[in-house]
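Visitor: Numbering (UniProt numbering), first residue to last: 1 to 310.
The structure that follows is given in the form of structure tokens.
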């Protein structure tokens, strides 16, 4: 099972259409459009049952809105049944499409546009709202892949990560995710090879740096010996910094990161210069592997600072 070259095809998470597309009215316009547009852009499609071009445009807009994965929403208003808002906007022909953001109209068009132009219209709205066209879709796939990997389905997760890399070859999160899938499938050699061959544009990305550190720590921990033996050695001599240091590495590899951090902090507190500040340097590696925004990394850095600058 070589994920980088033969991952099985995967798909995006299903989209809740009811949350993105709805039929509106004069009565609900304020809530459905004006208020809702304070969160994301809202497209309003003014149409009527007798309008041929409306029937052509409607499915195109719906498809593009669903593809945006929540970056925009769509409200459809039948002007025959709800003439008030159309009158206020001075709509003279349909289909007419208006886009609202932050409670006011920001863009629009009339007539049935081809799919490519409708997509461009939506991309402009996403950019105007501070987003990146396609970013919501990519984020949704990455989130699903992460959940699948966490649940143990490394093969499907790898397929999704490959899907992202097909769209964005330099997406560090997807590249790192694919390596994690290999590790989960006990393909450590292939994972290391992929890490070593990371493109220059990705090599220094936080996700890749953290993963490289994690793999280095795992190799170190493999030489530390059983946790039980290290705990007994430390219990016999609490000042045995080497035993405490080795135990910290073994515990970190075993998933007990918080206890591992505490042991290294204890060494720094007892003797910060021990072994050329090995405990402090190892703490920095722990924080790097966790990711500097991880709650444990944040708390650990604060504790380390309080010890060093006390």
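All residues carry an ideal CB built from backbone N, CA and C; glycine is no exception.
Since this is a predicted model, take the numbers as computed values, not measurements.
Quickly, what does DSSP pair residue 99 with across the bridge? List them, please.
Guide: Position 99 of the chain shown, counted from the start, is the residue given in the question as residue 99. Residue 99 pairs with 43 and 107.
Visitor: Exposed or buried, what is residue 88 when buried is set at 16 or more other beta-carbons lying within 10 Å of its beta-carbon?
Guide: Walking along the chain shown from the start, residue 88 turns up at place 88. It is exposed - the Cβ of residue 88 has fewer than 16 other Cβ atoms within 10 Å.
Visitor: If you reduce the DSSP assignment to three classes, tell me which class residue 113 lands in.
Guide: Here residue 113 refers to the residue found at position 113 of the chain shown. Of the three classes helix, strand and coil, the one that applies to residue 113 here is coil, per DSSP.
Visitor: DSSP three-state call for residue 61: helix, strand or coil?
Guide: One-based indexing of the chain shown puts residue 61 at position 61. Helix at residue 61.
Visitor: The alpha helix (DSSP H) spanning residue 23 covers which residue range?
Guide: Residue mapping note: residue 23 aligns to position 23 of the chain shown, counting from 1. Premise fails: residue 23 lies in the beta strand (DSSP E), 21 to 23, not in any alpha helix (DSSP H).
Visitor: State the DSSP-derived secondary structure class of residue 89, mapped to helix, strand or coil.
Guide: Counting from one through the chain shown, the residue named residue 89 turns up at place 89. Coil.
Visitor: DSSP three-state label for residue 78, please.
Guide: Your numbering for residue 78 matches position 78 in the chain shown. Three-state result, residue 78: strand.
Visitor: Does DSSP put residue 281 in a helix, a strand or coil?
Guide: Along the chain shown, read from residue 1 onward, the residue named residue 281 stands at position 281. Three-state DSSP puts residue 281 in a helix.
Visitor: Do you know whose CA, among 273, 199 and 160, lies nearest residue 241's CA?
Guide: Counted from its first residue, the chain shown places residue 241 at position 241. Answer by Cα proximity: 273.
Visitor: Can you look up residue 204 in the DSSP assignment and give me helix, strand or coil?
Guide: Within the chain shown, residue 204 is the residue found at index 204, counting from 1. In the structure shown, residue 204 sits in coil (DSSP, three-state: anything other than H, G, I, E or B).
Visitor: Pick helix, strand or coil for residue 269, following the three-state DSSP scheme.
Guide: For this step, residue 269 is matched to residue 269 along the chain shown. The answer is helix: DSSP assigns residue 269 an H, G or I state.
Visitor: DSSP on residue 73, reduced to helix/strand/coil?
Guide: Working through the chain shown from its first residue, we reach residue 73 at position 73. Strand, per DSSP.
Visitor: By how many angstroms is the C-alpha of residue 72 removed from the C-alpha of residue 112?
Guide: Your numbering for residue 112 matches position 112 in the chain shown. Your numbering for residue 72 matches position 72 in the chain shown. Roughly 19 Å separates the two Cα atoms.
Visitor: Given a cut-off of 8 Å on the beta-carbon distance, is the pair residue 57 and residue 95 in contact?
Guide: For the purposes of this step, residue 57 is taken as the residue at position 57 of the chain shown. For the purposes of this step, residue 95 is taken as the residue at position 95 of the chain shown. A contact, by the Cβ cut-off of 8 Å.
Visitor: Determine the closest residue to residue 368 out of 99, 151, 169 and 144, with distance taken between C-alpha atoms.
Guide: In the structure as shown, the chain begins at 1 and stops at 310. Residue 368 is therefore absent and cannot be evaluated.
Visitor: If we count the other Cβ atoms within 10 Å of its Cβ and call it buried at 16 or more, is residue 259 buried or exposed?
Guide: Translated into the one-based positions of the chain shown, residue 259 becomes position 259. Exposed, since its Cβ has fewer than 16 Cβ neighbours within 10 Å.
Visitor: Closest to residue 109 by C-alpha separation, out of 235, 98, 103 and 119, would be which residue?
Guide: For the purposes of this step, residue 109 is identified with residue 109 of the chain shown, where counting begins at 1. Checked all of 235, 98, 103 and 119; the closest Cα to residue 109 is 98.
Visitor: If I follow the unbroken alpha helix (DSSP H) through residue 295, where does it start and stop?
Guide: Position 295 of the chain shown, counting from 1, holds the residue named residue 295. Its alpha helix (DSSP H) spans residues 295 to 308.
Visitor: Based on Cα-Cα distance, which residue from 41, 86 and 46 lies nearest to residue 321?
Guide: There is simply no residue 321 to check, as the chain begins at 1 and stops at 310 in what is shown.
Visitor: Does residue 171 come out as helix, strand or coil in the three-state DSSP assignment?
Guide: Reading the chain shown from its first residue, position 171 is the one you call residue 171. DSSP places residue 171 in coil when its eight states are reduced to three.
Visitor: Report yes if the C-beta distance between residue 149 and residue 139 is below 8 Å; otherwise report no.
Guide: Counting from one through the chain shown, the residue named residue 149 turns up at place 149. Counting from one through the chain shown, the residue named residue 139 turns up at place 139. Cβ distance not < 8 Å, so residue 149 and residue 139 don't count as in contact.
Visitor: At what residues does the alpha helix (DSSP H) containing residue 224 begin and finish?
Guide: Position 224 of the chain shown, counted from the start, is the residue given in the question as residue 224. Unbroken run through residue 224: none, as it is neither H nor E.
Visitor: When you compare only the Cα positions, how much space is there between residue 37 and residue 209?
Guide: In the chain shown, residue 37 corresponds to position 37, counting from 1. In the chain shown, residue 209 corresponds to position 209, counting from 1. Each residue's alpha carbon lies about 39 Å from the other.
Visitor: Alpha carbon to alpha carbon, how far is residue 206 from residue 263? Give it in angstroms, no decimals.
Guide: Translated into the one-based positions of the chain shown, residue 263 becomes position 263. Translated into the one-based positions of the chain shown, residue 206 becomes position 206. C-alpha separation (whole angstroms): 26 Å.
Visitor: On a Cα-Cα basis, can you pick out the residue from 220, 85 and 310 that is closest to residue 28?
Guide: Position 28 of the chain shown, counted from the first residue, corresponds to residue 28. For the residues 220, 85 and 310, the minimum Cα distance to residue 28 belongs to 85.
Visitor: With DSSP collapsed to three states, give me the class of residue 257.
Guide: For the purposes of this step, residue 257 is taken as residue 257 along the chain shown, with counting starting at 1. Residue 257 falls in the helix class under three-state DSSP.
Visitor: Using the Cα positions of residue 151 and residue 82, report the straight-line distance between them to the nearest angstrom.
Guide: Numbered from its first residue, the chain shown carries residue 151 at position 151. Numbered from its first residue, the chain shown carries residue 82 at position 82. Near 48 Å, if we compare the C-alpha coordinates of residue 82 and residue 151.
Visitor: Between residue 111 and the ligand ZN, is the CB less than 7 Å from at least one heavy atom?
Guide: This structure lacks the ligand ZN; in fact it carries no ligand of any kind.
Visitor: In this structure, does DSSP put residue 123 in helix, strand or coil?
Guide: The count along the chain shown starts at 1 and reaches residue 123 at position 123. In this structure, residue 123 counts as helix in the three-state DSSP scheme.
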